[in-house]
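Asker:
There are 2 protein chains.
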Amino acid sequence: MPESDSELVEAEAEETAGEPLVRRSDQLGLGPLGDYIGFHLRLAQDASFRNFVRHTGRRDLRPGRFTALLLIRENPGITPMGLSRGAGRDKSTITPLLRDLERQGLIERRPVPTDRRSHVLALTPAGQTLLDELCEHAARHDAELDEIVGIENKPAFLAQLRAIIERLG
Amino acid sequence: MPESDSELVEAEAEETAGEPLVRRSDQLGLGPLGDYIGFHLRLAQDASFRNFVRHTGRRDLRPGRFTALLLIRENPGITPMGLSRGAGRDKSTITPLLRDLERQGLIERRPVPTDRRSHVLALTPAGQTLLDELCEHAARHDAELDEIVGIENKPAFLAQLRAIIERLG
DNA sequence: GCCGGTTAGTTTGGCCCAAAACAATCGTCG
DNA sequence: CGACGATTGTTTTGGGCCAAACTAACCGGC
Numbered sequence: 001m002p003e004s005d006s007e008l009v010e011a012e013a014e015e016t017a018g019e020p021l022v023r024r025s026d027q028l029g030l031g032p033l034g035d036y037i038g039f040h041l042r043l044a045q046d047a048s049f050r051n052f053v054r055h056t057g058r059r060d061l062r063p064g065r066f067t068a069l070l071l072i073r074e075n076p077g078i079t080p081m082g083l084s085r086g087a088g089r090d091k092s093t094i095t096p097l098l099r100d101l102e103r104q105g106l107i108e109r110r111p112v113p114t115d116r117r118s119h120v121l122a123l124t125p126a127g128q129t130l131l132d133e134l135c136e137h138a139a140r141h142d143a144e145l146d147e148i149v150g151i152e153n154k155p156a157f158l159a160q161l162r163a164i165i166e167r168l169g
Numbered sequence: 001m002p003e004s005d006s007e008l009v010e011a012e013a014e015e016t017a018g019e020p021l022v023r024r025s026d027q028l029g030l031g032p033l034g035d036y037i038g039f040h041l042r043l044a045q046d047a048s049f050r051n052f053v054r055h056t057g058r059r060d061l062r063p064g065r066f067t068a069l070l071l072i073r074e075n076p077g078i079t080p081m082g083l084s085r086g087a088g089r090d091k092s093t094i095t096p097l098l099r100d101l102e103r104q105g106l107i108e109r110r111p112v113p114t115d116r117r118s119h120v121l122a123l124t125p126a127g128q129t130l131l132d133e134l135c136e137h138a139a140r141h142d143a144e145l146d147e148i149v150g151i152e153n154k155p156a157f158l159a160q161l162r163a164i165i166e167r168l169g
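Protein chains in written order, with full-length UniProt numbering: chain A, 1 to 169; chain B, 1 to 169.
Next comes the structure, spelled out in structure tokens:
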């Protein structure tokens, strides 16, 4: 009976003292990624995004909605195309966003007499109220970022982000 | 015939010397957004993302795929969950991503004998070849970012991004 | 051995986003 | 005036991403 029913045993010899077959997920190497600005930019933006949502508590009002409402308030007479450029989003992204905001009674679209293709956007009273509330959350959220970066470093940090935004247009 | 067929004319009196009805899109105000780190983080990440795609030329291989391939190469024996944590993506995002990479013949999934729930990921030769090519594009892309930020500022800049990632994790 | 809590991976549903195709309108130039 | 190119906004299509619900498998204690 020396080797009656053993056939698939040798496959495990690989494990001895060599690398483990399965890599534990808490000791990963990043390779070149560890030094890439782009990679860290992505992770930092994700973290900031999630923190914003955590602050507002409402999952239905993401940064995109907030940006839209704020730009509408700050720029009376803005059109969807203006909003698209100001928010850095494609116009095809703006259409359903405005449709939702309008359906929720937060904004109004008014026809503009000089150009029948376009229309002008404005906050409703409900929209202003909601925006005021969101602004508080956003301010607290960004104050956290200020603290992490360090107030004294903020101007330089913002300048670097702006340089990336402009030079890579 | 002093006023034979004119009735809807008075509506235009509003335009005189007051604010224009329609805001031109090249002179937008940002309000509080102009000082928000989060807002600039989002725009910078968008710009970096688009620049990466521009460098590779291929619209089907976004940064997410690149990150996955690189982490698989850098961490032999990595599992989908490890990849999820390393790349900072939800595990439900990883599933279709791996399915596609496998269908394209770029990666392999091997069963792991000690845990029948999981499997181990590995690059195929085709995957290695493609990754090598992508690495060149990625290096050039990130070198642009280095230049924009300024090599002497890069360590501090990366440290600030990492601080955001960790403290808001 | 078995049972409750945990973990790996998949599926489903929903939002955000962009590219491309399209209709309506505008401006201009002849 | 009238035609042509540019611009506004919508729709369609396709992808990435997340959260929650689900299945299968693991692991601990009893």
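Glycine included, each C-beta is placed from N, C-alpha and C at the ideal position.
#1: Leaving aside the five residues before and after L168/B along the sequence, list all residues of the same chain whose C-beta is less than 8 Å from its C-beta, in chain order.
#2: Let me see if you follow: with CB-CB separation under 7 Å, is H137/A close to chain B or not?
#3: At the 7 Å Cβ level, is T93/A part of the contact set with chain B, yes or no?
#4: The alpha helix (DSSP H) spanning R109/A covers which residue range?
#5: Locate the beta strand (DSSP E) running through V120/A, then write down its first and last residues.
#6: Between S6/B and chain A, is the shortest Cβ-Cβ distance under 7 Å, so that the two count as touching?
#7: Assign V149/B to one of three DSSP states: helix, strand, or coil.
#8: Are A44/A and I164/B touching if we call contact CB-CB under 7 Å?
#9: Are the segment 98-105 of chain B and the segment 120-136 of chain B touching, with three or more C-beta to C-beta distances below 8 Å?
#10: For G82/A and N75/B, what's the separation of their Cα atoms in angstroms?
#11: Can you list, in chain order, the residues of its chain with a C-beta nearer than 8 Å to that of G77/B? Leave out the 5 residues immediately preceding and following it.
#12: Taking buried to mean at least 16 other C-beta atoms within 10 Å of its own C-beta, is P111/A buried or exposed?
#13: How is D26/A classed by DSSP in three states: helix, strand or coil?
#14: Could one say the Cβ of Q143/B lies closer than 7 Å to chain A's Cβ atoms, at least one of them?
#15: Got a sec, what are the start and stop residues for the alpha helix (DSSP H) D100/A sits in?
#16: Among R50/A, A143/A, D60/A, K154/A, whose alpha-carbon lies nearest the alpha-carbon of L130/A?
#17: What is the DSSP secondary structure of G38/A, counted as helix, strand or coil?
#18: Give the residues from the segment 75-100 of chain A that approach chain B closer than 7 Å (Cβ to any Cβ), ordered along the chain.
#19: With distances taken between CB atoms, is the gap from L106/B to G127/B smaller than 7 Å?
#20: Would you identify the three-state DSSP class for I165/B, choosing helix, strand or coil?
#21: So the alpha helix (DSSP H) R85/B belongs to, where does it begin and stop?
#22: So, is the C-beta of Q45/B closer than 7 Å to a C-beta in chain A?
#23: Would you tell me roughly how many angstroms separate the C-alpha atoms of T56/A and H137/A, rounded to the nearest one?
#24: Consider the Cβ of H119/B: report whether some Cβ of chain A lies at a distance smaller than 7 Å.
#25: Please list, in chain order, the chain B residues whose beta carbon lies closer than 8 Å to that of D146/A.
#26: Determine the chain B residues that contact T67/A at a beta-carbon separation under 8 Å, and present them in chain order.
#27: Would you decide whether H84/A is buried or exposed? Buried here means 16 or more other CB atoms lie within 10 Å of its CB.
#28: R23/A versus chain B: which residues are under 7 Å apart at the beta carbon?
#29: Hey, could you find the ends of the alpha helix (DSSP H) G77/B is sitting in?
#30: Count the other CB atoms, across all protein chains shown, that sit within 10 Å of the CB of R73/A; report buried if there are 16 or more and exposed otherwise.
#31: Would the beta-carbon of F66/A fall within 7 Å of that of L134/A?
#32: If we count the other Cβ atoms within 10 Å of its Cβ and call it buried at 16 or more, is A47/B buried or exposed?
#33: Mapping DSSP to helix, strand and coil, what is L61/A?
#34: Can you give me the Cβ contacts of N153/B inside the same chain, cut-off strictly under 6 Å, excluding the 5 residues immediately before and after it?
Answerer: On the basis of the coordinates in this document:
#1: If you number the second sequence from 1, residue 168/B lands on position 168. Shown here for L168/B: not one same chain residue has a beta carbon closer than 8 Å to its own, the five before and five after excluded.
#2: What you label residue 137/A is simply residue 137 of the first sequence in a count that begins at 1. Chain B, which has no Cβ nearer than 7 Å to the Cβ of H137/A, makes this no.
#3: Taking the first sequence and counting its residues from 1, one reaches residue 93/A at position 93. With 7 Å as the cut-off, T93/A does not count as an interface residue toward chain B.
#4: Mapped onto the first sequence, residue 109/A falls at position 109. Note, R109/A: premise wrong, no alpha helix (DSSP H); beta strand (DSSP E) at 107-111.
#5: What you label residue 120/A is simply residue 120 of the first sequence in a count that begins at 1. Per DSSP, V120/A belongs to the beta strand (DSSP E) from 119-123.
#6: Mapped onto the second sequence, residue 6/B falls at position 6. Since pLDDT at S6/B reaches only 43, below the 50 mark, its modelled position is unreliable, and the value read off the structure follows with that caveat. Under the 7 Å criterion on CB atoms, S6/B is classed as non-interfacial with respect to chain A.
#7: Stepping through the second sequence from its first residue, residue 149/B is reached at position 149. Looking at V149/B - three-state DSSP - the assignment turns out to be helix.
#8: Taking the first sequence and counting its residues from 1, the one referred to as residue 44/A is at position 44. Taking the second sequence and counting its residues from 1, the one referred to as residue 164/B is at position 164. Yes. Within cutoff.
#9: yes
#10: Taking the first residue of the first sequence as 1, we reach residue 82/A at position 82. Taking the first residue of the second sequence as 1, we reach residue 75/B at position 75. G82/A and N75/B: Cα-Cα distance of roughly 46 Å.
#11: For the purposes of this step, residue 77/B is identified with residue 77 of the second sequence, where counting begins at 1. Here the set comprises V120.
#12: Position 111 of the first sequence, counting from 1, holds the residue named residue 111/A. That one is exposed.
#13: As a position in the first sequence, residue 26/A is number 26, starting the count at 1. In this structure, D26/A counts as coil in the three-state DSSP scheme.
#14: Here the question's residue 143/B lines up with position 143 in the second sequence. According to the sequence provided, residue 143/B is Ala. The question's Gln does not apply to it. A143/B does not count as touching chain A.
#15: Position 100 of the first sequence, counted from the first residue, corresponds to residue 100/A. Here the alpha helix (DSSP H) through D100/A covers 91-103.
#16: Residue mapping note: residue 130/A aligns to position 130 of the first sequence, counting from 1. It is D60/A.
#17: Sequence index remark: in the first sequence, residue 38/A carries index 38 (1-based). Three-state result, G38/A: helix.
#18: From the segment 75-100 of chain A, only N75, P76, G77, I78, T79, M81, G82, R85, G86, G88 have a Cβ closer than 7 Å to chain B.
#19: Translated into the one-based positions of the second sequence, residue 106/B becomes position 106. Translated into the one-based positions of the second sequence, residue 127/B becomes position 127. Yes, the pair counts as a contact, with Cβ atoms nearer than the cut-off.
#20: For the purposes of this step, residue 165/B is identified with residue 165 of the second sequence, where counting begins at 1. Helix at I165/B.
#21: Within the second sequence, the letter at position 85 stands for residue 85/B. Residues 80-87.
#22: Working through the second sequence from its first residue, we reach residue 45/B at position 45. Yes, its Cβ sits closer than 7 Å to a Cβ of chain A.
#23: Within the first sequence, residue 56/A is the residue found at index 56, counting from 1. Within the first sequence, residue 137/A is the residue found at index 137, counting from 1. Their backbone Cα atoms lie some 6 Å apart in a straight line.
#24: Here residue 119/B refers to the residue found at position 119 when the second sequence is read from its first residue. False, the Cβ-Cβ gap to chain A never drops below 7 Å.
#25: Taking the first residue of the first sequence as position 1, residue 146/A is located at position 146. In chain order: I37.
#26: Residue numbering aside, residue 67/A sits at position 67 when the first sequence is read from its first letter. Those are L33, F39, listed as they occur along chain B.
#27: By one-based count along the first sequence, residue 84/A stands at place 84. As written in the sequence, residue 84/A is Ser, which differs from the His given in the question. The residue is buried, with at least 16 neighbouring Cβ atoms inside 10 Å.
#28: One-based indexing of the first sequence puts residue 23/A at position 23. Those are N75, P76, G77, I78, G82, listed as they occur along chain B.
#29: Reading the second sequence from its first residue, position 77 is the one you call residue 77/B. It is not in any alpha helix (DSSP H) - G77/B carries neither H nor E in the DSSP assignment.
#30: For the purposes of this step, residue 73/A is identified with residue 73 of the first sequence, where counting begins at 1. Buried: at least 16 other Cβ atoms inside 10 Å.
#31: The count along the first sequence starts at 1 and reaches residue 66/A at position 66. The count along the first sequence starts at 1 and reaches residue 134/A at position 134. Their beta carbons are under 7 Å apart, which means F66/A touches L134/A by this criterion.
#32: Along the second sequence, one-based indexing puts residue 47/B at 47. It counts as buried.
#33: Taking the first sequence and counting its residues from 1, the one referred to as residue 61/A is at position 61. Three-state result, L61/A: coil.
#34: As a working mapping, residue 153/B is identified with position 153 in the second sequence. Nothing meets the Cβ criterion.
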